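Protein chains: 2
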Amino acid sequence: VIRLEQITKVFGEGTAQIAAVAGVDLEVRRGEFLAIMGPSGSGKSTLMNIIGCLDRPTAGRYCLDGRDVAKLDDDALADARRLAIGFVFQTFNLLPRLTALQNVELPMIYAGVGGRARRKRASDFLGMVGLAGRVTHRPNQLSGGERQRVAIARSLANEPSLLLADEPTGNLDSKSGAEIVTLLERLHTDGRTIVLITHEQDVAQHAERIVHLRDGRIVDDTARLDA
Amino acid sequence: VIRLEQITKVFGEGTAQIAAVAGVDLEVRRGEFLAIMGPSGSGKSTLMNIIGCLDRPTAGRYCLDGRDVAKLDDDALADARRLAIGFVFQTFNLLPRLTALQNVELPMIYAGVGGRARRKRASDFLGMVGLAGRVTHRPNQLSGGERQRVAIARSLANEPSLLLADEPTGNLDSKSGAEIVTLLERLHTDGRTIVLITHEQDVAQHAERIVHLRDGRIVDDTARLDA
Ligand SMILES: Nc1ncnc2c1ncn2[C@@H]1O[C@H](COP(=O)(O)OP(=O)(O)OP(=O)(O)O)[C@@H](O)[C@H]1O
Ligand SMILES: Nc1ncnc2c1ncn2[C@@H]1O[C@H](COP(=O)(O)OP(=O)(O)OP(=O)(O)O)[C@@H](O)[C@H]1O
Ligand SMILES: [Mg+2]
Ligand SMILES: [Mg+2]
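Protein chains in written order, with our numbering: chain A, 1236 to 1462; chain B, 1236 to 1462.
Written as structure tokens, this is what we have:
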């Protein structure tokens, strides 16, 4: 479902240029559960933004579901992204003036889901991440880990077939983190393709395959032995 | 140096009231290295904000260096905070229009440090957290872990005697995280008092004492056996 060929992303100009991603080839099959690990600054989030159609590569080709993403205009790209891809951002990116419930409803509003169904589903997703008691809170009334969980609930809103999660347990204690991993495993068993960036070995162990990045390149690609 | 007596912090009104911190007694001695752990939403950041004089308790008494903080007006509080306390925020709170170097310089500007000394020290602190190559980047040109490390460098700017760090390794891979823990240990050996909120057992193990929070209360307080 995802094919990246020689993907490169360069920031900046002249001598200050930084190749955040430097020639990555990666194929992810439909229904696969992949974890991406690597040092801070090794290009993981940059790569994820390209996969999620939030950024375009400087060079290389990206085919999503067999279609060359470079050939889609911005509107077609936004459509593909909105309905098929769920994204959990490393920095959450919640809207500060909306409640937790409204933040989770937002992708459904774009997808044209009616008000009552929307609120019911948003409330179910928040329940799934343990936030039933926080639905009317706004982001600045939530703890770090609660905001992270609202971001996770929001990514599930349109029941996307591809879920991209950038360090979804970084702000969670081990118990809440384990609950999120169990949730991801269930979503995977239901048939979704999941790409997960994580710094934690225990979280990565639940994926079927782990890819290691270093300085913008893939340096290791291992299937879990008992997968 | 820190004495909290029956500290309580309640948010909201009426039936929607939440006691984020519910009657905490805690003493931290000068030069101690304390870790605070607990589930997401258990009140750790709220407690830290009170210790750092960024928030006032709803009830209870907080004495910092023997002085009742409630008796200080906002200006005196800001002074105490600015010079003696270094704070690493869970959500970094960097200024988006300033470079990494300028963000680290900021507390020194408030402390009246001259331009050349400031830039040299800011650059040294950024070097200590492995960001010598990123000093001119602005926050949106930095990875999540790089922003976290700028926040750590900034907290050291005025060489504070009390360092409060809210999950400083949440966005770091194990190697960068270990480097930060080594840095904290060194700062502690130099005589600083350190209070660290963390979700990671390996990080907490480097403190001399671990306090566990649950639902706004202290449920465990253990000195490390070999400390
Ligand atoms: N807009 C930009 N301009 C210049 N450099 C950038 C920009 N965005 C990112 N970078 C650099 O690209 C590199 C890769 O960034 P990226 O966010 O992908 O890292 P990461 O692997 O996600 O790191 P972390 O684990 O810390 O989140 C970093 O060194 C960063 O400084
Ligand atoms: N302004 C506010 N209004 C209402 N409730 C709040 C407010 N700020 C925090 N809370 C609630 O207080 C509780 C404690 O929050 P706090 O940020 O201290 O938790 P935490 O232990 O730091 O959690 P985490 O590990 O997720 O960062 C949370 O359940 C949160 O929803
Ligand atoms: Mg990242
Ligand atoms: Mg917190």
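Glycine is no exception: its CB is placed at the ideal position from the N, C-alpha and C atoms.
Predicted model, so just to flag it, every value in this text is computed and none were measured.
Thr1281 (chain B) and Leu1261 (chain A) have their C-alpha atoms spaced approximately 43 Å apart.
Residues are counted here when their Cβ sits less than 9 Å from a Cβ of chain B; for the segment 1246-1258 of chain A these are Phe1246, Gly1247, Ala1251, Ile1253, Ala1255, given in chain order. DSSP lists B:Leu1239 as the bridge partner or partners of Leu1261 (chain B). In this chain, the alpha helix (DSSP H) harbouring Ala1386 (chain B) covers 1379-1390. Relative to ligand 4, even the nearest heavy atom lies 7 Å or more away from the CB of Lys1410 (chain B). The closest CA to that of Arg1316 (chain B), considering only B:Ser1396, B:Arg1449, B:Ile1445, B:Ala1442, is found on B:Ser1396. Using a Cβ-Cβ distance cut-off of 8 Å, the segment 1410-1420 of chain A and the segment 1385-1394 of chain B are not in contact, since fewer than three pairs of beta carbons, one from each stretch, lie closer than that value.
When the five nearest sequence neighbours on each side are left out, the beta carbons in the same chain lying within less than 7 Å of the beta carbon of Leu1329 (chain A) are those of Asn1338, Pro1374, Arg1382, Val1385, Ala1386, in order along the chain. The alpha carbon of Thr1371 (chain B) has as its nearest neighbour, out of B:Arg1444, B:Phe1322, B:Ala1335, the alpha carbon of B:Ala1335. Think of a sphere of 8 Å around the beta carbon of Ser1280 (chain A): the chain B residues whose beta carbon falls inside it are Ser1378, Gly1379, in chain order.
Lys1244 (chain B) has its Cβ no nearer than 7 Å to any heavy atom of ligand 4. Neighbours of Pro1331 (chain B) in chain A, taken as residues at a C-beta separation under 9 Å, are lacking, since the least C-beta distance is about 12 Å.
The C-beta distance from Ile1286 (chain A) to Pro1292 (chain A) rounds to 10 Å, too long to meet the 8 Å contact threshold.
One finds Gly1405, Asn1406 in chain B with Cβ atoms closer than 7 Å to the Cβ of Gly1405 (chain A), taken in chain order. Gly1321 (chain A) has its alpha-carbon roughly 4 Å from the corresponding atom of Ser1390 (chain A). The CB of Gly1273 (chain A) comes closer than 8 Å to the CB of Asp1408 in chain B, given here in chain order. Annotated as proximal: Ser1411 (chain B) and Gly1365 (chain B), with beta-carbon spacing under 8 Å.
Counting along the chain, His1447 (chain B) sits inside the beta strand (DSSP E) bounded by residues 1444-1449. With fewer than 16 other beta carbons inside 10 angstroms of its own, Glu1248 (chain B) counts as exposed.
Within its own chain, the residues whose Cβ lies closer than 8 Å to the Cβ of Ala1367 (chain A), once the five positions on either side in sequence are excluded, are Ser1358, Leu1361, listed in chain order. Phe1360 (chain B) carries a helical assignment under DSSP once its states are collapsed to helix, strand and coil. Taking Ala1294 (chain A) as reference, the option from A:Gly1347, A:Asp1401, A:Thr1428, A:Phe1246 with the minimal CA-CA separation is A:Phe1246. Look at Ala1346 (chain A) here: in three-state DSSP terms it is coil, with no helix or strand label. Rounded to whole angstroms, Gly1278 (chain B) and Gly1301 (chain A) show a C-alpha spacing of 48 Å.
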